[in-house]
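Asker:
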Amino acid sequence: MDSLWKETYMVGTEWDQYDSVFQYDWDFSHLEEAFDEGGALHGQKVYLFGCTEPQLVHYKDKSRVIHIPAVVAVTSPFPPSDKIGIKSIQMEEEMVVPMKEMKMGWVPYVPEEDEFKPIERVKTQIFTLKCTQRRAALKQLKKERIKKYEYCLPYIYQPMKEEEVEVDTVVSILFEVDGGAVPPIICDFDWEFDEMEEFVQDKIDDGALDDKYRKEFATFVRNEVNAAKRKAKEAKEARKKAIADMTPEMRESLEKMRFYKFYPKPSEGTPNVENFKASYINRYYGKAHQVF
């Protein structure tokens with residue numbers, strides 16, 4: 001299991017930076033030891049995925065940006081998800097698509113001693129996230145398709161946890177008039193704290209909005225707010241239905257599911273990343289229960 005961490009796809013890492021992750025002989029021996037008796041992962045079915053966190057690290061008398069690898073281990077009797085999230089600053093809406101659409105999937109980890117056995121005869125409790133996109137074929141893909149890989153985040157749906165999250169009451173506004181002949185109004189409207197007439201008047205007083213568009217702008221904002229409220233209500237109803245449709249076994253499994261995040265151990269010949277450890281995984285998973 002010496003190379004277990006290398007078997008995990010580093011989700012969201014830019015293709016042109018991917019090889020740089022492996023320029024150091026990172027020490028993940030504690031990940032392997034976690035499967036031993038007494039370890040956090042011992043005797044459990046585990047799903048592993050990797051990620052990288054670019055940080056400015058001082059190493060060998062120089063400061064340089066290093067893509068620090070981390071491996072997330074999910075203990076679960078079933079795959080955490082068969083979907084992947086795609087979200088960037090440029091995208092208005094996040095996308096959640098099947099993993100296979102991005103050529104990803106959970107693959108059984110086969111130890112070296114079993115690598116020549118038929119896969120159905122290999123007894124393993126470890127699964128790693130793999131990506132079968134060939135690097136050599138990237139130049140044949142459209143730029144938008146390539147960039148999607150950089151925006152990928154491992155996805156997990158946690159309806160019980162999401163029920164506890166407060167609804168975001170802020171709506172992003174992009175108001176255009178005159179076919180784009182004048183600069184658009186780009187702002188945020190908080191339906192909980194902003195009062196519509198005062199909000200519109202402020203835009204007029206600031207010179208961002210012509211008074212003749214007062215009603216049109218107010219109507220536009222109200223429509224955006226109503227759409228956001230509808231979306232929030234539909235999401236809440238979907239979560240309630242998902243929880244109601246769960247079997248007792250599924251609900252218990254979700255409640256017992258745990259996330260562990262492993263960073264490289266300090267070792268000779270590698271940058272020390274102890275000060276960069278963080279429990280946060282991503283917007284879907286939230287925080288790890290334990291960080292190593």
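The numbers in the UniProt record's numbering rise by one with no breaks, and the one at position 18 of the sequence shown is 18.
Backbone N, C-alpha and C define an ideal beta-carbon position, used for all residues, glycine too.
Taking one C-beta from the segment 40–55 and one from the segment 239–251 each time, how about it: are there three or more such pairs within less than 8 Å?
Answerer: no
Asker: Sort out for me which residues DSSP pairs Glu-53 with in a bridge.
Answerer: What you label residue 53 is simply residue 53 of the sequence shown in a count that begins at 1. Answer is Ile-68.
Asker: Within 10 angstroms of its Cβ, does His-67 collect 16 or more other Cβ (buried), or is it exposed?
Answerer: Taking the sequence shown and counting its residues from 1, one reaches residue 67 at position 67. The residue is buried, with at least 16 neighbouring Cβ atoms inside 10 Å.
Asker: Expressed to the nearest angstrom, what Euclidean distance is found between the alpha-carbon atoms of Glu-14 and Met-257?
Answerer: Reading the sequence shown from its first residue, position 14 is the one you call residue 14. Reading the sequence shown from its first residue, position 257 is the one you call residue 257. Whole-angstrom Cα-Cα distance: 29 Å.
Asker: Restricting to Cα atoms, I'd like to know which of Lys-87, Lys-143, Ser-3 is closest to Glu-33.
Answerer: Within the sequence shown, the letter at position 33 stands for residue 33. Residue Ser-3 is the option with its Cα nearest to Glu-33.
Asker: Can you list, in chain order, the residues of its chain with a C-beta nearer than 6 Å to that of Phe-189? Leave out the 5 residues immediately preceding and following it.
Answerer: Along the sequence shown, read from residue 1 onward, the residue named residue 189 stands at position 189. Contacts found: Val-171, Ile-173, Val-221.
Asker: For Gln-290, which three-state DSSP category applies?
Answerer: Here residue 290 refers to the residue found at position 290 of the sequence shown. In this structure, Gln-290 counts as strand in the three-state DSSP scheme.
Asker: If you draw a straight line from the C-alpha of Val-122 to the C-alpha of Glu-252, how long is it?
Answerer: Working through the sequence shown from its first residue, we reach residue 122 at position 122. Working through the sequence shown from its first residue, we reach residue 252 at position 252. For Val-122, the pLDDT reaches just 46, beneath the cut-off of 50, and the residue's location in the model is therefore unreliable, although a value from the coordinates is still provided. If I take the Cα positions, the gap works out to 28 Å.
Asker: Within a Cβ cutoff of 8 Å, which residues of the same chain sit near Met-196, ignoring the five residues on either side of it in sequence?
Answerer: As a position in the sequence shown, residue 196 is number 196, starting the count at 1. Closer than 8 Å at Cβ, skipping near neighbours: Ala-218, Val-221, Arg-222.
Asker: Could you check whether Tyr-155 and Ser-81 sit closer than 7 Å to each other, using their CB atoms as the reference points?
Answerer: Numbered from its first residue, the sequence shown carries residue 81 at position 81. Numbered from its first residue, the sequence shown carries residue 155 at position 155. For Ser-81 and Tyr-155, yes; Cβs fall inside 7 Å.
Asker: Per DSSP, Ser-63 is paired with what?
Answerer: Here residue 63 refers to the residue found at position 63 when the sequence shown is read from its first residue. Ser-63 pairs with His-58.
Asker: Counting pairs of beta carbons, one from the segment 269–287 and one from the segment 98–113, are three or more of them closer than 8 Å?
Answerer: The segment 269–287 vs the segment 98–113: no contact.
Asker: Going by the CB atoms, is the gap between Gln-55 and Phe-276 shorter than 7 Å?
Answerer: As a position in the sequence shown, residue 276 is number 276, starting the count at 1. As a position in the sequence shown, residue 55 is number 55, starting the count at 1. In contact: Phe-276 and Gln-55 (Cβ atoms closer than 7 Å).
Asker: Does Leu-209 come out as helix, strand or coil in the three-state DSSP assignment?
Answerer: Within the sequence shown, numbered from 1, the residue matching residue 209 stands at position 209. In the structure shown, Leu-209 sits in coil (DSSP, three-state: anything other than H, G, I, E or B).
Asker: Give the DSSP-derived three-state secondary structure of Asn-272 in the structure shown.
Answerer: As a position in the sequence shown, residue 272 is number 272, starting the count at 1. Coil at Asn-272, not helix or strand.
Asker: Only counting the same chain, and skipping five residues up and downstream in sequence, which positions put a Cβ closer than 8 Å to that of Lys-87?
Answerer: Numbered from 1 along the sequence shown, position 87 holds the residue referred to as residue 87. Excluding positions up to five away in sequence, the list reads Glu-94, Met-95, Tyr-151, Leu-153, Arg-283.
Asker: For Leu-31, does the three-state DSSP call read helix, strand or coil?
Answerer: To locate residue 31, count along the sequence shown from 1; it is residue 31. Helix, per DSSP.
Asker: Kindly list the residues whose CB is nearer than 7 Å to the CB of Gly-105, restricted to its own chain and excluding five residues on each side of it in sequence; keep chain order.
Answerer: Looking up residue 105 in the sequence shown gives position 105. Within the same chain, Gly-105 has close Cβ partners Met-99, Lys-130.
Asker: First and last residue of the beta strand (DSSP E) that includes Asp-194?
Answerer: Within the sequence shown, residue 194 is the residue found at index 194, counting from 1. No beta strand (DSSP E) contains Asp-194, which DSSP labels as neither H nor E.
Asker: Which value, in whole angstroms, describes the spacing of the CA atoms of Pro-79 and Glu-255?
Answerer: For the purposes of this step, residue 79 is taken as residue 79 along the sequence shown, with counting starting at 1. For the purposes of this step, residue 255 is taken as residue 255 along the sequence shown, with counting starting at 1. Taking the straight line from one Cα to the other gives about 14 Å.
Asker: Can you find the residues in the same chain that come closer than 6 Å, C-beta to C-beta, to Ser-279, ignoring five residues on each side of it along the sequence?
Answerer: Taking the first residue of the sequence shown as position 1, residue 279 is located at position 279. Lys-287, Ala-288, Val-291.
Asker: Taking the continuous alpha helix (DSSP H) assigned at Tyr-172, which residues delimit it?
Answerer: Counting from 1 along the sequence shown, the entry for residue 172 is found at position 172. As written in the sequence, residue 172 is Ser, which differs from the Tyr given in the question. Run containing Ser-172: none in the alpha helix (DSSP H); it sits in the beta strand (DSSP E), 170–175.
Asker: Between which two residues does the alpha helix (DSSP H) holding Phe-220 run?
Answerer: By 1-based counting over the sequence shown, the position of residue 220 is 220. Run containing Phe-220: 214–245, per the alpha helix (DSSP H) assignment.
Asker: Check the C-beta distance from Asp-19 over to Thr-270 and give it rounded, since I have them as a contact under 8 Å.
Answerer: To locate residue 19, count along the sequence shown from 1; it is residue 19. To locate residue 270, count along the sequence shown from 1; it is residue 270. With 8 Å as the limit, Asp-19 and Thr-270 do not qualify as a contact, their Cβ atoms being about 16 Å apart.
Asker: With Lys-265 and Ser-29 assumed to form a contact (beta carbons below 8 Å), what rounded beta-carbon distance in angstroms separates them?
Answerer: As a working mapping, residue 265 is identified with position 265 in the sequence shown. As a working mapping, residue 29 is identified with position 29 in the sequence shown. The pair is a contact, with the Cβ atoms about 7 Å apart (cut-off 8 Å).
Asker: Output needed for Val-71: all residues of its chain with C-beta closer than 7 Å, excluding positions within five of it in sequence on either side, in chain order.
Answerer: Stepping through the sequence shown from its first residue, residue 71 is reached at position 71. For Val-71, same chain residues with a beta-carbon under 7 Å away, outside a window of 5 residues either side, are Trp-5, Thr-8, Phe-28, Leu-31, Leu-48, Gly-50, Phe-262 in chain order.
Asker: Excluding five sequence neighbours on each side, which residues of the same chain lie with their C-beta closer than 6 Å to the C-beta of Tyr-59?
Answerer: Numbered from 1 along the sequence shown, position 59 holds the residue referred to as residue 59. Once the five neighbours on either side are set aside, the close Cβ partners of Tyr-59 are Pro-271.
Asker: Looking at the structure shown, is Ala-73 part of a helix, part of a strand, or coil, going by DSSP?
Answerer: Reading the sequence shown from its first residue, position 73 is the one you call residue 73. Ala-73 falls in the strand class under three-state DSSP.
Asker: I'd like the span of the beta strand (DSSP E) that includes residue 294, first residue to last.
Answerer: In the structure as shown, the chain starts at 1 and stops at 292, and residue 294 therefore has no counterpart that could be examined.
Asker: In chain order, what residues of the same chain have a beta carbon less than 7 Å from the beta carbon of Ile-281, not counting five sequence neighbours either side?
Answerer: Stepping through the sequence shown from its first residue, residue 281 is reached at position 281. So the list reads Val-72, Phe-259, Lys-261, Lys-287, Ala-288, once near-sequence residues are dropped.
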